[in-house]
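Taken in order, the sequence shown gives residues 23 to 516; the numbers are from this note's numbering.
We treat Cβ as the ideally placed atom computed from N, Cα and C, and that holds for glycine.
The model shown is predicted, which means the values in this text are computed figures rather than measured ones.
Written out below as structure tokens is the structure these notes cover.
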Amino acid sequence: MNESDIEQTRPVRHCDEAVTAESADAMPLSGVAIEARGEGAAAEHARRLLQELGARPENDRGQRRTVLVDSRSAVRAWADSGAMALTGRAGGPPMVSPGAPAAATGAALALLAALRPPDGSSALPWPGVEVLGERAALFGRGRNAPWSVGGAFRMFPTMHGYLGISLPRQDDFALLPALVEGEVGGAPWQAVAEWARTCSAEDAAARAQLLGIAAAAVPDTPGMPQDEQFRHRGGRGIVVRPGGFRQHRRAEPVVVDLTSLWAGPLCAHLLGRTGAHIVKVESTRRPDGARSGCRDFFDLMHAEHACVAIDLNTAEGVETLQRLIDVADLVLEASRPRALRQLGIDAESAVAGGTNWLSITAYGRTGPWSDRVGFGDDVAAAAGAVVFDGCEVLPCGDALADPVAGVHAAVAAAAVLSSDRAFLVDLSMRDVVAATLRNRVEPHEVVNGPDDLWHVRTADAEFPVAAPRARHAPTAAAALGADTQKTLSRWLSG
Numbered sequence: 023m024n025e026s027d028i029e030q031t032r033p034v035r036h037c038d039e040a041v042t043a044e045s046a047d048a049m050p051l052s053g054v055a056i057e058a059r060g061e062g063a064a065a066e067h068a069r070r071l072l073q074e075l076g077a078r079p080e081n082d083r084g085q086r087r088t089v090l091v092d093s094r095s096a097v098r099a100w101a102d103s104g105a106m107a108l109t110g111r112a113g114g115p116p117m118v119s120p121g122a123p124a125a126a127t128g129a130a131l132a133l134l135a136a137l138r139p140p141d142g143s144s145a146l147p148w149p150g151v152e153v154l155g156e157r158a159a160l161f162g163r164g165r166n167a168p169w170s171v172g173g174a175f176r177m178f179p180t181m182h183g184y185l186g187i188s189l190p191r192q193d194d195f196a197l198l199p200a201l202v203e204g205e206v207g208g209a210p211w212q213a214v215a216e217w218a219r220t221c222s223a224e225d226a227a228a229r230a231q232l233l234g235i236a237a238a239a240v241p242d243t244p245g246m247p248q249d250e251q252f253r254h255r256g257g258r259g260i261v262v263r264p265g266g267f268r269q270h271r272r273a274e275p276v277v278v279d280l281t282s283l284w285a286g287p288l289c290a291h292l293l294g295r296t297g298a299h300i301v302k303v304e305s306t307r308r309p310d311g312a313r314s315g316c317r318d319f320f321d322l323m324h325a326e327h328a329c330v331a332i333d334l335n336t337a338e339g340v341e342t343l344q345r346l347i348d349v350a351d352l353v354l355e356a357s358r359p360r361a362l363r364q365l366g367i368d369a370e371s372a373v374a375g376g377t378n379w380l381s382i383t384a385y386g387r388t389g390p391w392s393d394r395v396g397f398g399d400d401v402a403a404a405a406g407a408v409v410f411d412g413c414e415v416l417p418c419g420d421a422l423a424d425p426v427a428g429v430h431a432a433v434a435a436a437a438v439l440s441s442d443r444a445f446l447v448d449l450s451m452r453d454v455v456a457a458t459l460r461n462r463v464e465p466h467e468v469v470n471g472p473d474d475l476w477h478v479r480t481a482d483a484e485f486p487v488a489a490p491r492a493r494h495a496p497t498a499a500a501a502l503g504a505d506t507q508k509t510l511s512r513w514l515s516g
């Protein structure tokens, strides 16, 4: 479901009492005794993530569950993921990201499997760190710097710092004359490059965002932005607010998925693999844009999900959506907060009434940047997930913030689904990625291996750089609205 579907407004159902004094210290994994075992960046990240969600190493009886986390080094995990093969110039060597985004993603997948074990009946294997390269593998893409793998993002030097900007839509190019305050002609990227040199990265990003263009300043230190939004959130990628007690607590939870593209659908896909019933809701007028892209990728994300289409420009359609939300164990959405409020649908009210709500946004749903837009590449750059080739800054992986955020969202979802209380999960894609970038990268060099493949050599090992690879859905995803009547009859009857 897209924000642009919303063409009319309705009264908002507000609830300011979503968090009471007695519930202020509640967390999704409070009382859950679970410990991450292992060494290195992955295990450290797993322990931080568990702590962020309220888990503790053991309970009052000394009991605990143990999750064994892969102890591969951060560089090895990056090389294995397929994302390294996507980082750098087409004719040059692949490059190592700062921090440990692949190792952290692998750790999050291990936690998810511990909190909600995968459904063994599926023919689709449980993913590993290769999830970072799956989209590129299915699209048949490779390294493309200085542009992103998909070609819609690039970074430019400014008077102070570097600006990253995404132009994935024709409407974005139409806004460029207003952005650069001049003619663009037939060289839009060149016009942006020349304009960027006249201002600071922060000012350039702010001006672009005022026009609705996804842009960001690259921080000086990976994982440590110094902007007002980062300070507002205290650097937390996942902020959790407790609400009322759960309306529903099904063994096979119903998840209403209002998201599109990659991060949200990946979260829904992973939850579906753990036995949840996924109801994908799209607008009849503006379906998920991923439907018009690579079919194999869309099938991978949405196979075996119920596909419901609703006309959100009608009162009846909005009422149907509200009723679906009311019967859900969990709602997934990835729009800016004002979008659903224009329909009279309020996340805080839903959570106060006992429905879990997980919101995935570029920078978080509160704070001075809550209305900023972002896509996977520019948001990753805003976290500091970039590499340097001489004086030029290049992107890491393929829309890296999308899969990293999607996997972490699934962990947070599994955590709230284990609790008797409902929660509002506010996930900032930028800050989730930033949390994976704070480890120091071990010394290494990239060399040509004896098998004509690129290899990474560290002090104690040498290993190949894996090509992006993908799982393949056993069945096709349903057509737009194919399951509408069946799903509404099943969950809304009576």
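Going straight from the alpha carbon of residue i to that of residue j, what length do you get?
i	j	result
Thr497	Phe319	12 Å
Arg78	Ala350	28 Å
Leu300	Asp321	Before going on, a small fix: residue 300 reads as Ile here, not Leu. For Ile300 and Asp321, the distance between alpha carbons rounds to 14 Å.
Glu152	Leu362	33 Å
Gln231	Val455	20 Å
Arg295	Val429	12 Å
His327	Gly183	44 Å
Trp513	Gln73	35 Å
Gly257	Ser371	26 Å
Ala402	Asp333	33 Å
Glu44	Pro264	With a pLDDT of only 37 at Glu44, under the threshold of 50, the placement of this residue in the model should not be trusted; the figure read from the coordinates follows. Approximately 10 Å, taken between the alpha carbons.
Arg229	Asp141	47 Å
Ser119	Thr336	47 Å
Ala495	Arg317	10 Å
Trp284	Glu467	32 Å
Val438	Val278	15 Å
Trp399	Gly471	The sequence shown places Asp at residue 399, rather than the Trp named in the question. Roughly 30 Å between the two C-alpha positions.
Glu271	Arg443	Checking the sequence shown, residue 271 turns out to be Arg, not Glu. Their Cα atoms are separated by approximately 10 Å.
Gly503	Gly339	13 Å
Ala501	Ser170	30 Å
Arg307	Phe397	22 Å
Leu380	Leu280	10 Å
Leu64	Gly150	Residue identity differs from the one stated: residue 64 is Ala in this sequence, not Leu. When rounded, the distance between both Cα atoms is 13 Å.
Leu354	Thr480	41 Å
Ala67	Ile382	The question names Ala, but residue 67 in the sequence shown is His. Going by the C-alpha atoms only, they are around 20 Å apart.
Arg157	Trp148	16 Å
Pro199	Met451	29 Å
Cys289	Ala132	14 Å
Ser282	Glu205	33 Å
Thr180	Pro417	17 Å
Ala167	Val240	16 Å
Which residue's Cα is closest to the Cα of residue i: the options?
i	options	result
Gly104	His477, Val202 and Ala500	His477
Arg98	Ala124, Ala213 and Glu74	Ala124
Pro359	Ala328, Gly339, Arg394 and Glu341	Arg394
Ile260	Ser440, Ala432 and Arg462	Ala432
Thr342	Gln212, Met117 and Glu304	Glu304
Ser392	Val89, Asp448, Ala64 and Pro275	Asp448
Val262	Glu66, Ala435, Ala337 and Pro247	Ala435
Ile367	Ala384, Lys302, Ile347 and Gly386	Ile347
Thr76	Glu57, Phe178, Val89 and Leu354	The sequence given here places Gly at residue 76; Thr does not occur at that position. For Gly76, the nearest C-alpha among the options comes from Glu57.
Ala374	Leu510, Phe445 and Met177	Phe445
Ala130	Gly286, Arg462, Val91 and Glu205	Val91
Pro210	Arg69, Arg176, Pro50 and Trp100	Arg176
Arg94	Thr506, Gly297 and Asp482	Asp482
Ala558	Ala489, Gln507 and Gln269	Lying before the first or after the last residue shown, residue 558 is absent from the chain, which here runs from 23 to 516.
Glu309	Cys329, Met106, Gly297 and Ala325	Contrary to the premise, residue 309 reads as Pro rather than Glu in this sequence. The residue with the shortest Cα to Cα distance from Pro309 is Cys329.
Asp249	Glu224, Gly266 and Ala213	Glu224
Taking the beta strand (DSSP E) that residue i falls in, what are its first and last residues?
i	result
Ala178	As written in the sequence, residue 178 is Phe, which differs from the Ala given in the question. That run of the beta strand (DSSP E) goes Phe175 to Pro179.
Ser450	Arg443 to Ser450
Trp476	Trp476 to Arg479
Ala209	Looking at the DSSP string, Ala209 is not in any beta strand (DSSP E), and its letter there is neither H nor E.
Pro417	Glu414 to Pro417
Val118	Here Val118 belongs to no beta strand (DSSP E), and DSSP marks it neither H nor E.
Asp424	Looking at the DSSP string, Asp424 is not in any beta strand (DSSP E); the run it does join, the alpha helix (DSSP H), is Ala423 to Leu439.
The alpha helix (DSSP H) spanning residue i covers which residue range?
i	result
Thr127	Pro123 to Leu137
Ala58	Per DSSP, Ala58 belongs to no alpha helix (DSSP H); it is in the beta strand (DSSP E), Ile56 to Arg59.
Arg512	Thr506 to Leu514
Leu232	Ala223 to Leu232
Glu66	Gly62 to Glu74
Pro199	Leu198 to Val202
Asp400	Gly398 to Ala405
Arg157	Glu156 to Phe161
*With contact counted as at least three CB pairs below 8 Å, one residue from each stretch, are the region 420-436 and the region 395-412 in contact?*
yes
*Going along the chain, which unbroken runs of the beta strand (DSSP E) with 3 or more residues stay wholly within the region 310-389?*
As far as the region 310-389 is concerned, its whole beta strand (DSSP E) runs of at least 3 residues are 328-332, 352-355 and 378-383.
*Is it a yes or a no for the region 127-141 touching the region 161-168, going by three-plus beta-carbon pairs under 8 Å?*
no
_I want to know whether the region 194-212 touches the region 233-241 - three or more CB-CB distances under 8 Å._
yes
*Fully enclosed by the region 227-269, which alpha helix (DSSP H) runs are 4 residues long or longer?*
250-255
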